[in-house]
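**Student:**
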Amino acid sequence: MSPDLLLAAAIVAGTPILFAALGELLAERAGVINLGLEGTMLVGAVSGFIVAAETGSVWMGVIGSALCGALFGLAFAFLTITLRMNQIVTGLGFTILGGGLSAYFGSGYVGQPLPVSMARPDLGALADVPFLGVALFRHDFLVYIVLALAIGISFYIYRTRQGLVLRALGNSPDVLDMLGMNVTALRYLYVGLGTALAGIGGAYLSLVTTPTWIENMTAGRGWIALALVIFASWRPLWLMFGACLFGLVEALRFRMQIGESASAIDPHFLSMLPYAATVLVLVLISGARARMNAPVALGTAYDRESR
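If you're matching positions, the sequence shown starts at 20 in this note's numbering and goes up one per residue.
Here you go:
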(Lines of atoms letter the chains of each structure in order from A and count residues from 1; the text may use other names and numbers.)
(Lines give C-alpha, C1' and ligand atoms only; values in the text may rest on other atoms or scores of the structure.)
Protein backbone atom coordinates (compact mmCIF):
# COMPACT_ATOMS: atom_id res chain seq x y z
CA MET A 1 0.00 0.00 0.00
CA SER A 2 1.40 3.39 -0.98
CA PRO A 3 1.94 6.00 1.77
CA ASP A 4 -0.91 8.22 0.59
CA LEU A 5 -3.38 5.34 0.56
CA LEU A 6 -2.10 4.20 3.96
CA LEU A 7 -2.66 7.66 5.46
CA ALA A 8 -6.13 7.84 3.89
CA ALA A 9 -7.00 4.44 5.36
CA ALA A 10 -5.68 5.53 8.77
CA ILE A 11 -7.91 8.63 8.77
CA VAL A 12 -10.99 6.59 7.86
CA ALA A 13 -10.24 3.93 10.49
CA GLY A 14 -9.69 6.60 13.13
CA THR A 15 -12.87 8.58 12.41
CA PRO A 16 -15.31 6.54 14.57
CA ILE A 17 -12.76 6.53 17.39
CA LEU A 18 -12.40 10.30 17.18
CA PHE A 19 -16.18 10.87 17.29
CA ALA A 20 -16.49 8.72 20.41
CA ALA A 21 -13.39 10.17 22.08
CA LEU A 22 -14.54 13.76 21.54
CA GLY A 23 -17.88 12.87 23.09
CA GLU A 24 -16.21 11.25 26.09
CA LEU A 25 -13.90 14.25 26.47
CA LEU A 26 -16.92 16.57 26.82
CA ALA A 27 -18.47 14.32 29.46
CA GLU A 28 -15.23 13.95 31.43
CA ARG A 29 -14.50 17.66 31.25
CA ALA A 30 -17.89 18.04 32.92
CA GLY A 31 -16.83 15.62 35.66
CA VAL A 32 -18.64 12.47 34.46
CA ILE A 33 -16.76 9.37 33.34
CA ASN A 34 -18.85 7.17 31.06
CA LEU A 35 -17.51 3.63 30.74
CA GLY A 36 -20.63 2.77 28.74
CA LEU A 37 -19.05 4.24 25.61
CA GLU A 38 -18.80 0.85 23.89
CA GLY A 39 -22.48 0.19 24.44
CA THR A 40 -23.37 3.69 23.27
CA MET A 41 -21.47 3.17 20.02
CA LEU A 42 -23.32 -0.09 19.44
CA VAL A 43 -26.66 1.64 20.02
CA GLY A 44 -25.63 4.33 17.53
CA ALA A 45 -24.45 1.75 14.99
CA VAL A 46 -27.67 -0.26 14.99
CA SER A 47 -30.03 2.74 15.15
CA GLY A 48 -28.15 4.54 12.39
CA PHE A 49 -28.28 1.50 10.13
CA ILE A 50 -31.97 0.80 10.77
CA VAL A 51 -33.02 4.41 10.17
CA ALA A 52 -30.88 4.71 7.02
CA ALA A 53 -32.16 1.39 5.65
CA GLU A 54 -35.81 2.23 6.32
CA THR A 55 -35.74 5.86 5.12
CA GLY A 56 -33.24 5.49 2.29
CA SER A 57 -31.25 8.44 3.65
CA VAL A 58 -27.82 8.05 5.17
CA TRP A 59 -28.12 11.48 6.81
CA MET A 60 -31.33 10.44 8.54
CA GLY A 61 -29.33 7.48 9.82
CA VAL A 62 -26.70 9.83 11.23
CA ILE A 63 -29.37 11.95 12.93
CA GLY A 64 -31.08 8.83 14.28
CA SER A 65 -27.83 7.53 15.72
CA ALA A 66 -27.14 10.86 17.44
CA LEU A 67 -30.63 10.99 18.97
CA CYS A 68 -30.52 7.38 20.18
CA GLY A 69 -27.00 7.86 21.53
CA ALA A 70 -28.13 10.98 23.39
CA LEU A 71 -31.17 9.25 24.88
CA PHE A 72 -29.01 6.33 25.98
CA GLY A 73 -26.58 8.76 27.56
CA LEU A 74 -29.32 10.72 29.32
CA ALA A 75 -30.51 7.50 30.95
CA PHE A 76 -26.94 7.02 32.20
CA ALA A 77 -26.90 10.66 33.37
CA PHE A 78 -30.13 10.20 35.33
CA LEU A 79 -28.65 7.29 37.27
CA THR A 80 -25.26 8.85 37.91
CA ILE A 81 -26.06 12.56 38.24
CA THR A 82 -29.56 12.62 39.72
CA LEU A 83 -29.51 9.34 41.66
CA ARG A 84 -25.73 9.61 42.28
CA MET A 85 -25.03 5.97 41.48
CA ASN A 86 -21.41 4.89 41.08
CA GLN A 87 -20.28 6.05 37.63
CA ILE A 88 -17.84 3.19 37.04
CA VAL A 89 -20.28 0.40 37.88
CA THR A 90 -23.14 2.08 36.02
CA GLY A 91 -20.98 2.61 32.95
CA LEU A 92 -19.99 -1.05 32.85
CA GLY A 93 -23.66 -1.95 33.12
CA PHE A 94 -24.52 0.33 30.19
CA THR A 95 -21.84 -1.32 28.08
CA ILE A 96 -23.60 -4.65 28.58
CA LEU A 97 -27.03 -3.05 28.12
CA GLY A 98 -25.99 -1.39 24.86
CA GLY A 99 -24.67 -4.65 23.49
CA GLY A 100 -27.90 -6.44 24.37
CA LEU A 101 -30.19 -3.73 22.97
CA SER A 102 -28.25 -3.51 19.71
CA ALA A 103 -28.33 -7.29 19.26
CA TYR A 104 -32.09 -7.38 19.93
CA PHE A 105 -33.15 -4.53 17.66
CA GLY A 106 -30.65 -5.44 14.95
CA SER A 107 -31.50 -9.14 14.80
CA GLY A 108 -33.60 -8.71 11.67
CA TYR A 109 -30.93 -6.69 9.86
CA VAL A 110 -27.81 -8.79 10.37
CA GLY A 111 -25.78 -9.05 7.18
CA GLN A 112 -28.12 -6.87 5.09
CA PRO A 113 -26.28 -4.42 2.81
CA LEU A 114 -27.07 -0.74 3.21
CA PRO A 115 -29.04 0.48 0.15
CA VAL A 116 -27.55 3.99 0.31
CA SER A 117 -24.03 5.37 0.73
CA MET A 118 -22.37 8.39 2.28
CA ALA A 119 -21.56 11.07 -0.32
CA ARG A 120 -18.14 12.63 -0.72
CA PRO A 121 -17.68 16.37 -1.26
CA ASP A 122 -16.23 17.47 -4.57
CA LEU A 123 -13.08 19.36 -3.62
CA GLY A 124 -12.05 20.00 -7.21
CA ALA A 125 -8.36 20.48 -7.86
CA LEU A 126 -7.46 19.65 -4.25
CA ALA A 127 -8.35 16.01 -4.88
CA ASP A 128 -5.70 15.88 -7.61
CA VAL A 129 -2.82 17.30 -5.55
CA PRO A 130 0.00 14.72 -5.41
CA PHE A 131 -0.04 12.66 -2.21
CA LEU A 132 -2.33 15.06 -0.28
CA GLY A 133 -5.15 14.63 -2.77
CA VAL A 134 -5.52 10.93 -2.04
CA ALA A 135 -4.56 11.16 1.63
CA LEU A 136 -6.72 14.12 2.69
CA PHE A 137 -9.14 15.33 0.04
CA ARG A 138 -11.11 12.29 -1.10
CA HIS A 139 -12.98 11.39 2.08
CA ASP A 140 -16.67 11.42 2.95
CA PHE A 141 -18.40 14.30 4.72
CA LEU A 142 -18.24 12.79 8.21
CA VAL A 143 -14.44 12.71 8.14
CA TYR A 144 -14.28 16.46 7.60
CA ILE A 145 -17.06 17.05 10.13
CA VAL A 146 -15.21 15.23 12.92
CA LEU A 147 -11.94 17.03 12.15
CA ALA A 148 -13.77 20.37 12.26
CA LEU A 149 -15.42 19.30 15.53
CA ALA A 150 -12.04 18.56 17.13
CA ILE A 151 -10.79 22.03 16.20
CA GLY A 152 -14.06 23.68 17.22
CA ILE A 153 -14.23 21.91 20.59
CA SER A 154 -10.63 22.89 21.31
CA PHE A 155 -11.46 26.54 20.57
CA TYR A 156 -14.63 26.27 22.66
CA ILE A 157 -12.84 24.85 25.71
CA TYR A 158 -9.84 27.19 25.75
CA ARG A 159 -11.09 30.40 24.09
CA THR A 160 -14.69 30.95 25.19
CA ARG A 161 -16.48 31.81 28.40
CA GLN A 162 -18.65 28.68 28.18
CA GLY A 163 -15.49 26.65 27.77
CA LEU A 164 -14.20 28.13 31.02
CA VAL A 165 -17.47 27.09 32.64
CA LEU A 166 -16.99 23.55 31.29
CA ARG A 167 -13.50 23.33 32.72
CA ALA A 168 -14.76 24.60 36.08
CA LEU A 169 -17.57 22.05 35.94
CA GLY A 170 -15.05 19.23 36.05
CA ASN A 171 -12.73 20.88 38.55
CA SER A 172 -14.80 23.02 40.92
CA PRO A 173 -18.54 22.41 40.49
CA ASP A 174 -19.19 23.92 43.92
CA VAL A 175 -17.85 27.26 42.69
CA LEU A 176 -20.28 27.24 39.76
CA ASP A 177 -23.10 26.37 42.15
CA MET A 178 -22.24 29.33 44.35
CA LEU A 179 -22.33 31.54 41.24
CA GLY A 180 -25.92 30.45 40.60
CA MET A 181 -25.26 27.98 37.77
CA ASN A 182 -27.14 24.69 37.61
CA VAL A 183 -24.43 22.02 37.87
CA THR A 184 -26.88 19.17 37.31
CA ALA A 185 -28.33 20.66 34.12
CA LEU A 186 -24.88 21.43 32.73
CA ARG A 187 -23.68 17.88 33.35
CA TYR A 188 -26.80 16.48 31.70
CA LEU A 189 -26.10 18.71 28.69
CA TYR A 190 -22.52 17.60 28.19
CA VAL A 191 -23.21 13.91 28.80
CA GLY A 192 -26.04 14.07 26.25
CA LEU A 193 -23.87 15.85 23.68
CA GLY A 194 -21.02 13.43 24.31
CA THR A 195 -23.11 10.31 23.85
CA ALA A 196 -24.69 11.79 20.71
CA LEU A 197 -21.18 12.05 19.23
CA ALA A 198 -20.41 8.50 20.37
CA GLY A 199 -23.59 7.33 18.65
CA ILE A 200 -22.45 8.95 15.40
CA GLY A 201 -19.09 7.23 15.83
CA GLY A 202 -20.86 3.89 16.01
CA ALA A 203 -23.02 4.77 13.02
CA TYR A 204 -19.90 5.55 10.97
CA LEU A 205 -19.02 1.86 11.22
CA SER A 206 -22.41 0.62 10.01
CA LEU A 207 -22.97 3.37 7.43
CA VAL A 208 -19.51 3.96 5.95
CA THR A 209 -16.73 1.63 7.09
CA THR A 210 -18.75 -1.58 6.71
CA PRO A 211 -22.18 -0.57 5.34
CA THR A 212 -24.12 -3.35 7.02
CA TRP A 213 -25.11 -4.36 10.54
CA ILE A 214 -23.03 -6.95 12.40
CA GLU A 215 -23.45 -7.69 16.10
CA ASN A 216 -20.70 -6.20 18.29
CA MET A 217 -19.17 -4.55 15.23
CA THR A 218 -17.49 -1.86 17.35
CA ALA A 219 -15.01 -4.57 18.46
CA GLY A 220 -13.70 -2.65 21.46
CA ARG A 221 -13.40 0.75 19.82
CA GLY A 222 -15.32 2.34 22.68
CA TRP A 223 -12.63 1.21 25.11
CA ILE A 224 -9.94 2.52 22.78
CA ALA A 225 -11.70 5.90 22.72
CA LEU A 226 -11.74 5.96 26.52
CA ALA A 227 -8.02 5.26 26.60
CA LEU A 228 -7.32 7.93 23.98
CA VAL A 229 -8.95 10.61 26.14
CA ILE A 230 -6.36 9.84 28.82
CA PHE A 231 -3.57 9.63 26.23
CA ALA A 232 -4.56 13.06 24.93
CA SER A 233 -4.62 14.54 28.45
CA TRP A 234 -8.18 15.71 27.83
CA ARG A 235 -7.05 17.90 24.88
CA PRO A 236 -9.20 17.72 21.70
CA LEU A 237 -6.40 18.34 19.20
CA TRP A 238 -4.27 15.58 20.72
CA LEU A 239 -7.20 13.25 20.22
CA MET A 240 -6.79 13.66 16.45
CA PHE A 241 -3.24 12.36 16.70
CA GLY A 242 -4.27 9.43 18.88
CA ALA A 243 -7.17 8.45 16.63
CA CYS A 244 -4.94 8.66 13.56
CA LEU A 245 -2.35 6.49 15.31
CA PHE A 246 -4.97 3.84 16.03
CA GLY A 247 -6.20 4.08 12.44
CA LEU A 248 -2.67 3.67 11.13
CA VAL A 249 -2.13 0.47 13.08
CA GLU A 250 -5.54 -0.78 11.93
CA ALA A 251 -4.66 -0.03 8.29
CA LEU A 252 -1.31 -1.78 8.65
CA ARG A 253 -3.10 -4.80 10.08
CA PHE A 254 -5.24 -5.14 6.97
CA ARG A 255 -2.21 -4.59 4.75
CA MET A 256 -0.32 -7.37 6.52
CA GLN A 257 -3.26 -9.75 6.20
CA ILE A 258 -3.22 -9.48 2.41
CA GLY A 259 0.55 -9.20 1.95
CA GLU A 260 3.08 -11.91 1.25
CA SER A 261 3.55 -12.55 4.97
CA ALA A 262 -0.15 -13.08 5.63
CA SER A 263 0.08 -16.88 5.75
CA ALA A 264 2.98 -16.74 8.22
CA ILE A 265 1.25 -14.47 10.76
CA ASP A 266 -1.63 -15.53 12.98
CA PRO A 267 -4.66 -13.34 12.11
CA HIS A 268 -5.58 -13.17 15.79
CA PHE A 269 -2.20 -11.58 16.48
CA LEU A 270 -2.84 -9.02 13.74
CA SER A 271 -6.27 -8.23 15.20
CA MET A 272 -4.62 -7.56 18.55
CA LEU A 273 -2.13 -5.03 17.16
CA PRO A 274 -4.28 -1.84 17.24
CA TYR A 275 -5.23 -2.37 20.87
CA ALA A 276 -1.76 -3.43 21.98
CA ALA A 277 -0.26 -0.38 20.25
CA THR A 278 -2.69 1.97 22.02
CA VAL A 279 -1.94 0.45 25.43
CA LEU A 280 1.80 0.71 24.74
CA VAL A 281 1.51 4.39 23.85
CA LEU A 282 -0.51 5.02 27.01
CA VAL A 283 2.15 3.37 29.15
CA LEU A 284 5.09 5.13 27.54
CA ILE A 285 3.73 8.63 27.04
CA SER A 286 0.61 9.64 28.86
CA GLY A 287 0.93 8.62 32.50
CA ALA A 288 2.20 11.60 34.48
CA ARG A 289 0.96 14.20 32.00
CA ALA A 290 -2.54 12.78 31.98
CA ARG A 291 -2.72 12.74 35.78
CA MET A 292 -1.80 16.42 35.93
CA ASN A 293 -4.58 17.38 33.53
CA ALA A 294 -7.36 15.10 34.75
CA PRO A 295 -10.46 16.99 35.92
CA VAL A 296 -10.36 17.10 39.71
CA ALA A 297 -14.02 16.16 40.19
CA LEU A 298 -13.99 13.41 37.55
CA GLY A 299 -16.14 10.48 38.62
CA THR A 300 -17.51 12.26 41.68
CA ALA A 301 -21.25 12.87 41.98
CA TYR A 302 -21.97 16.45 43.01
CA ASP A 303 -24.10 16.98 46.10
CA ARG A 304 -24.74 20.64 46.89
CA GLU A 305 -25.77 19.74 50.43
CA SER A 306 -22.21 18.60 51.14
CA ARG A 307 -20.62 21.91 50.20
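For glycine and all other residues, C-beta sits at the position ideal for the given N, C-alpha and C.
Can you find the residues in the same chain that come closer than 6 Å, C-beta to C-beta, to Phe113, ignoring five residues on each side of it along the sequence?
**Tutor:** Locating residue 113 in the sequence shown gives position 94, where the first residue counts as 1. Cβ neighbours of Phe113 beyond the five flanking positions: Gly55, Gly58 and Phe95.
**Student:** Mind checking whether Tyr321 and Val202 have CB atoms under 7 Å apart?
**Tutor:** Translated into positions along the sequence shown, residue 321 becomes position 302. Translated into positions along the sequence shown, residue 202 becomes position 183. For Tyr321 and Val202, yes; Cβs fall inside 7 Å.
**Student:** Assign Arg240 to one of two classes, buried (16 or more other C-beta atoms within 10 Å of its C-beta) or exposed (fewer than that).
**Tutor:** Along the sequence shown, read from residue 1 onward, the residue named residue 240 stands at position 221. Buried is the call here.
**Student:** Are the beta-carbon atoms of Phe265 and Gly88 separated by less than 7 Å?
**Tutor:** For the purposes of this step, residue 265 is identified with residue 246 of the sequence shown, where counting begins at 1. For the purposes of this step, residue 88 is identified with residue 69 of the sequence shown, where counting begins at 1. Going by C-beta atoms, Phe265 is not nearer than 7 Å to Gly88.
**Student:** For the putative contact between Ile100 and Val51, defined by C-beta atoms under 8 Å, what is the C-beta separation to the nearest angstrom?
**Tutor:** Start at 1 with the first residue of the sequence shown, and residue 100 comes out as number 81. Start at 1 with the first residue of the sequence shown, and residue 51 comes out as number 32. With a Cβ gap of about 7 Å, Ile100 and Val51 count as contacting.
**Student:** CB-CB under 8 Å to Gln181, same chain, minus the five flanking residues each way: which ones, in chain order?
**Tutor:** On the sequence shown, position 162 is the one that residue 181 refers to. Only Tyr175 meet the Cβ criterion.
**Student:** Please classify Pro255 as buried or exposed, where buried requires at least 16 neighbouring CB atoms within 10 angstroms.
**Tutor:** Within the sequence shown, residue 255 is the residue found at index 236, counting from 1. A residue is called buried when at least 16 other Cβ atoms come within 10 angstroms of its Cβ; Pro255 meets this threshold and is buried.
**Student:** If you count every other CB in all the chains shown that lies within 10 Å of the CB of Met291, and 16 or more means buried, which is it?
**Tutor:** Here residue 291 is taken as the residue at index 272 of the sequence shown, counted from 1. Classification for Met291: exposed.
**Student:** Please report the straight-line C-alpha distance between Phe31 and Val162, rounded to a whole angstrom.
**Tutor:** Counted from its first residue, the sequence shown places residue 31 at position 12. Counted from its first residue, the sequence shown places residue 162 at position 143. Looking at the sequence provided, one finds Val at residue 31 rather than Phe. Their Cα atoms are separated by approximately 7 Å.
**Student:** Run through the DSSP bridge pairs and tell me what Thr231 is partnered with.
**Tutor:** Taking the sequence shown and counting its residues from 1, the one referred to as residue 231 is at position 212. Looking at the DSSP output, Thr231 sits in a beta bridge with Pro132.
**Student:** Between Glu47 and Val248, how many whole angstroms is the CB-CB distance? I'm expecting something under 8 Å.
**Tutor:** Against the sequence shown, residue 47 aligns to sequence position 28. Against the sequence shown, residue 248 aligns to sequence position 229. About 6 Å separates the two Cβ atoms, so the contact holds.
**Student:** Are the beta-carbon atoms of Pro214 and Phe91 separated by less than 7 Å?
**Tutor:** Position 195 of the sequence shown, counted from the first residue, corresponds to residue 214. Position 72 of the sequence shown, counted from the first residue, corresponds to residue 91. For the record, residue 214 in the displayed sequence is Thr; it is not Pro. Closer than 7 Å, so yes.
**Student:** Quick check on Gly213: does DSSP put it in helix, strand or coil?
**Tutor:** To locate residue 213, count along the sequence shown from 1; it is residue 194. Helix.
**Student:** May I have a chain-ordered list of the alpha helix (DSSP H) segments no shorter than 4 residues that lie completely inside the segment 99-179?
**Tutor:** 106-124, 151-155 and 160-178
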